[in-house]
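What follows is a set of notes on a single structure, which appears directly below.
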Amino acid sequence: MQVTEYKPLIVAFCCNWCSYAGADLAGNNRLAYPADVKIIRVPCSCRVNPTFILRAFQRGADGVIICGCHPGDCHYTSGNYYTRRRMALLFSMLDYLGIERERTRVEWVSAAEGAKFAATMNDFVSTVAALGENKRLEDLRCKK
Amino acid sequence: MKVTYFPGCTLRTKAKDLDLYARRSAEALGIELCEPKDWQCCGGVFVSASDEIATKLSSVRALIDAKEKEQPIVTVCSACHNVIKQTNYAMQNDETFASRVNAYMAQEKNPPLPYAGEAEVLHFLELIRDKVGFDTLKAAVKNPLTGKKIAAYYGCLLLRPGKVMAFDDVENPSIIEDFIRALGAEPVIYPARNECCGGYVALEDPASAKKKSNAVSDSAKNHGAEMIVTACPLCKYNLVKNGSSLPVVYFTELLAEALGVKEV
Amino acid sequence: MENKNERRKEQILRMSGVNPKKCMRCGKCSGTCPSYDEMEYHPHQFVSMVESGDLEPLMSSPSIYKCLSCFACVDRCPRNVEPAKLIEALRLTVIREKGANHLLADQIPALLDEEMPQQAIVSAMRKYSK
Amino acid sequence: MQEITRNALVEKASALLADGTVGRVLAWKRGEFDYDVTPAVFQTAEELARDLVWNDFCGANFSKYLIKETEKSDEKVLVFLKPCDTYSFNQLLTEHRFNREKVYVIGVPCAGMLDVEKVKKSAEGIASITEDSDKIVIETLFDGALTLDRASLLAERCINCKSKKHTAYDELLGEDGEVLDSARFDEVAAIEAMTPDERFAFWQNELSRCIRCNACRNVCPACTCEKCVFDNPASGLENKAASDSFEEKMFHIIRAFHVVGRCTDCGECSRVCPQQIPLHLLNRKFIKDIDNFYGEYQAGAEVGSRAPIVDYTTEDLEPNEAVERGDDNA
Amino acid sequence: MQRIGVFVCHCGTNIAGTVDVKAVAEALQYEPGVVISKEYQYMCSQAGQDLIKEAIKENNLTGIVVCSCSPRMHEATFRKTAAAAGLNPYMVEIANIREQCSWVHKDIPTGTEKAIILGKAAVAKVNLNAPLTPGESPVTKRALVIGGGIAGIQTALDIADAGFPVDIVETKPTIGGKMAQLDKTFPTLDCAACILTPKMVDVAQNDKVRIFSYSEVTDVSGFVGNFEVTIKRRARYVKEDICTGCGLCTEKCPQKKVPNEFNLGMDNRRAIYIPFAQAVPKVATIDPDYCTMLKSGKCGVCSKVCTVGAIDYQAKDEYLTEKYGAIVVATGFNPISMEKFDEFAYSQSKDVITSLELERLMNAAGPTGGTLLRPSDGEHPHTIVFVQCVGSRCASCAEKGKEYCSKICCMYTAKHAMLIRDKYPDTDVYVFYIDVRTPGKNFDEFYRRAVEEYGVHYIKGMVGKVSPEGNKLKVRASDLIDGKQLHIDADLVVLAAAIEPDKSARPLATMLTASMDTNDFFTEAHPKLRPVESPTAGVFLSGACQGPKDIPETVSQAGAAASKVIGLLCKDKLTGNPCVAHSDEWMCNGCSTCEKVCPYGAITYQDKEFRMPDRTVKVRRVASVNEAVCQGCGACTVACMSGAMNLKGFTNQQIMAEVDAICK
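In the order they appear, the protein sequences are chains P, Z, U, G and H.
One gets the working numbering by counting positions in the first sequence from 1 and adding 2 to each.
Reminder that position 48 of the second sequence reads as 31 in the working numbering, one-by-one numbering, no gaps.
One gets the working numbering by counting positions in the third sequence from 1 and adding 2 to each.
One gets the working numbering by counting positions in the fourth sequence from 1 and adding 1338 to each.
One gets the working numbering by counting positions in the fifth sequence from 1 and adding 44 to each.
Below you can see the structure in the form of structure tokens.
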């Protein structure tokens, strides 16, 4: 019997207009990426509250990625610009607290970039898998 | 008002007049020129390659001296001004260059604090325009040069690169014309005033330099000038050497004359 | 050989800080250059030849010593390409590779005259030597 | 020692009460010991004369109290604000948290406040404390009188004072000062310079002491929510006590994030923390990053300014670069 | 507690091939709130939908989860299904187990496990769903067109044609815009005035159109279908309804030295003036900067000569507030200043002119009566140099010009060159170009005619410097094809100045909360599919305010904008998207942070009375969201620190429930 390899738990927030459609396109083109990625649909990347990210980590996620339209292409014109500032500050803070910077990421994926979506997820999963389990941000109560 | 004054080597030799009259005029205008101790030649030309460090260190030393004295650094020679101003700009905007320069400077006997382009670099003309004011100058004139038709010759060093020098409108400057007016004379506007005299090739290719110089002096003459005024020893040399039919004088000489301090 | 030329091109671009890809081939530099007629290759050609890696002919051409460094092309270029800086980098590359000055010190006295300011001599050395 | 005397404050306040300009006065009052000065509302000249204090322990920032105080009656409230307090004052006005018309601000110059913990550490059995220019004289029960350098007892936020300039006042006692060049980001830079493991250990050590008393939140002039998310069962974040190793981190990160671009760096959070957690270092990290990433911004420097967190340019740096940029700063 | 039904779709083998759908249905039936869990071959088929409808009715379901393809595919389908069974359509959630599961994962255990987790997340979310009803708002059946150039005129005419009233607001004393200043138009060379002035008359005589000239928009509030706009009518000191436009006053006014902006300052007008003969409205205007009566109270000549008593020196600016259902922006363009391009000596010689100035010099109504004469000495120019791309296609860091191509210059220069060669065959015409761009119907043919039939010298290269020497302009330029530097002694140099959006556009965009690009052109809702709509609902774009355009393109865009407006005004009511932000007023601090991030201006603040628990009444400043304007991005929800602002359909609680379900 093979030893089960470590499977990270990844939460991906995808904006409805670009990145969620990009993920659908990856599916249409059968571009595989690990099942460790679970997508939550939000109207815009600017809907992602830092609280959601911390909550995911608290409940045992090993990595959180936020995907939105490319800057300048936001369906709501400016949402991803706010995301960019909020996440720049949040990620810098997490790094400051000594939490591995590779566990959080923002990527801009358009509705046409199915291949980029799959490649991004493959890369992110392997990066997080290499880090191993999220010990620094886990919640002792909830993690099995 | 005290300023750090960088004379440059040409002003010690071939262009003594430029220096002498600058000193006399400054005194008349109540400006004290403080020469940095042990200044060295600016290098004559700013080598734009960003990996050229050594040739720019003498400018940095002069700049640091000015920074430490909290004075603007003033030059009269266009070439020195161009080199020092461009060096200062590179110290402000090119991080790699600045860190390499600062590494060199740290090797000096009394290493200064890292320099990041804090000093203010002014040409003598800018000093008059921005710190003294042309109105004050006008009031200080004792012998107005009334009736003289003078062509201002900028050349390239004072103006370009425009983004760095920020001296005046590169294509349509007015500072020397305003200066001439303040001295009571009449400026002559002619299109070649910001063309190059061929300065740097004077040694290498005198024929080319002659062509460029003559274009300038002819243009000034055709527009009715009686005299050309310049801030640059090399421009003066080129114009005169190549047979300018108009006399070429330094702006400081005119200034000293108008202020009544030419002869003491 | 190929590699040497590539390295040399990279070196020139790095020294000068010029990105020849920004050039849109308008020719304003050549329309503005006061030394155009003395040159075999003209400012816009410097830019395009460096971009295509055609460095040998440029480096062996007297044209690089005809540039007055007057920076008119730099100021007027609508794309911020700064041809004069590129020419200067080419000149320096020639001199550095030759390991000697373009003008030799003992050649200079013959070229001098009584009135020539220091500035010209020093800058001639600086501009054409390393 | 403070430049303005206590009596000057009492006289000023009494006069304004007497002529009806104000109805109440928000000022500092002596506590049980000389060093535990507390905020208080005064309504009569007698109370003022008896209880008002103005000394090196008047660290409390009254800006936040104005939200409730201005609602209590139609009369104006007199408030004494130190330079750093005025930044919080302006920030609250930016957020429309009270009516400016109902406040009469007297700016008081500040020579820095003392750190009560440093004072307590330097002397046991403190009976009284008196100030004498740059010296502090502590009468103790056991060791007699101790004379200490005032500078050695200054609070961290006052050593790194960012401004001696009042950004808001109706009337100023004494001379106004200037915005200062402070070294307040040095400590942040020192943490940035650590390895990630060291940083984690540092914060683990600091934050694990948190007892979730909420003092930092309660004192913070930026934390003025009608209902705090941490008290609101519907928010999904409500939690009265740290229940796991991450809980307190989550609390502090979210709290710091909620005041991004709003925190004026008044330092009250660290002052009141009973566990001496350097909470200001979280807020300052955000302030430092904002300055680096988006240009310098001081919350509360003026009323109505737009904080960088609710603004953007199309050329902003990417979040992934932000972390790397942080490295270069280190 | 909700009563939730779960419906797992096989999608043939699309899902069932990689996901054990039975196991998914089984696993989900024990989730909180789930009362029934079924799987079926094709849920989107009629039979599948019937199955859902029956289950809803039989089990009194309050919410459903469909585990199927992407919600972008069939969310609308299943919402309709739910509605048909009497369930609120917003009680439907989709778990995407096809595109984001079965199609991207290989083996059944992995796919099944993930499908179950996605299903659980959807169940967790639907547990917190609430029925939502889209809001409705009425539509004011009147349109506003801002800008009275050819774009605004055409849009207004088309809207009026469909029977809706339209107002045009124009800042100048007359409509007509840039086109009124042109001489001929390319590529047909018909006279601009001949085709424009009839349209100006049409618009003036159309009883559906009101023209507010010499006016500007100062405030906009409201939202699509319900805008309220304040228009400032600047005092023109002449009663518009009385003035007959006889022009007597403009002949008698003693103040003769006012630079005439219509001729770009190349001649003078009086202090009381009518910009040009065909102006609409044809009434006089007093220029308060020059009128001696207004400045010093002495003169009054115009009032004395006016036979109808139209002059009113006491006039004041007036403000007027109107309601509109739709707004069209048609603010147009201007050539950029040539100040920073003085290598071409624009400020040093009168004989260096811009192309728009050349239009006036060639126009029969211009300062020279249509004869091409040098501005400096009134002589005929014999050598003319045209310089292309002055300020266009500049690197963004050059800080002088514009990065974009101004699009119209190549063609109007060909036109100018051709007209000059046609009228004055003894003239040498040089055109210095970088590229000649002629992508339009009959455009390249037109340009080739200029070269081949009219003998215009087209030279690939750029002018480096223009030096005024005596009465000549010495032009130094490169000829890249011949490899020469050219020196031309020209009599006239014409600069094809880049064009930029009118300066009024930026403040207007702020008022409209319409977005702009870095060049201050209005951005369109979609660059390809919605080119005449701004991202702000109810605001439409016409003409060069959206990007450089020639006349045919402007007119077609004007028509397109009009048709969009008509489409909107035809509706009696607008139905919104119910997934919008909502503020919990009890929790709101009134801090205005959310308002700052809202790209639509959907959030306003108001002081409201609240009955407090202690029975006192307190006035509090709270945010309120205009649901008709909110587009539901959620930017405000994160800006709000108290959590008072929430997004319906994507609440904090719903998203956190999904996070928890995934991370369990």
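Note that the Cβ used here is the ideal one computed from N, Cα and C, for glycine as well.
In this text, all values refer to a predicted model and were calculated from it rather than measured experimentally.
Close-in-space but distant-in-sequence residues of the same chain around residue i (CB under 7 Å, 5 per side omitted)
i, result
"N104(H)", "R47"
"F487(H)", "P231 and M455"
"G1642(G)", "T1432"
"E1341(G)", "P1447, A1449 and G1512"
Within-7 Å CB hit, residue i to chain U
i, result
"M506(H)", "yes"
"C(-8)(Z)", "yes"
Residue i versus residue j: straight-line alpha-carbon distance, rounded
i, j, result
"D331(H)", "R280(H)", "8 Å"
"A168(Z)", "G207(Z)", "13 Å"
"C1448(G)", "C1496(G)", "9 Å"
"I1625(G)", "C1548(G)", "23 Å"
"V1475(G)", "C680(H)", "53 Å"
"E362(H)", "K276(H)", "6 Å"
"V57(Z)", "E160(Z)", "20 Å"
"D1481(G)", "D1487(G)", "17 Å"
"E246(Z)", "A185(Z)", "32 Å"
"M3(P)", "A625(H)", "Reliability fails at M3(P), whose pLDDT of 43 lies under 50, so the model's placement of it is uncertain and no value is given."
"V673(H)", "L188(H)", "18 Å"
"I152(H)", "R61(P)", "26 Å"
"E671(H)", "I101(P)", "40 Å"
Proximity test, Cβ basis, 7 Å: residue i and chain Z
i, result
"Q392(H)", "yes"
"S420(H)", "no"
"E40(U)", "yes"
Within chain U, the residues that residue i reaches when beta carbons sit closer than 8 Å
i, result
"A542(H)", "Here the premise fails: no neighbours, minimum Cβ distance about 10 Å."
"Q601(H)", "Result: empty, since nearest Cβ-Cβ is about 28 Å, beyond 8 Å."
CB contact below 7 Å: residue i versus chain P
i, result
"F1595(G)", "yes"
Cβ shell of residue i (< 6 Å), same chain only, five flanking positions each side left out
i, result
"C1396(G)", "W1366 and V1375"
"V268(H)", "A581 and G582"
Within chain G, partners of residue i - CB distance below 7 Å
i, result
"T53(P)", "L1575 and I1592"
Interface residues of chain H facing residue i [CB-CB closer than 9 Å]
i, result
"P64(U)", "Result: empty, since nearest Cβ-Cβ is about 17 Å, beyond 9 Å."
"E1433(G)", "N633, G634, C635, S636 and T637"
"N205(Z)", "E513 and G514"
Cutoff 7 Å: residue i Cβ touching any chain H Cβ
i, result
"E1586(G)", "no"
"S80(P)", "yes"
"P174(Z)", "yes"
"V1417(G)", "no"
"N155(Z)", "yes"
"T34(U)", "yes"
"S21(P)", "no"
Chain-ordered neighbours of residue i on chain H, where CB pairs are closer than 7 Å
i, result
"V1648(G)", "T637, K640, V641 and A683"
Cutoff 7 Å: residue i Cβ touching any chain G Cβ
i, result
"S686(H)", "yes"
Residues that DSSP places opposite residue i in a beta bridge
i, result
"W1366(G)", "P1377(G)"
Under 8 Å from the C-beta of residue i: neighbouring residues of chain P
i, result
"K1623(G)", "S94, M95 and Y98"
Per-residue contacts from residue i into chain Z (C-beta, under 9 Å)
i, result
"G29(U)", "The contacting residues do not exist; G29(U) stays about 19 Å from chain Z at best."
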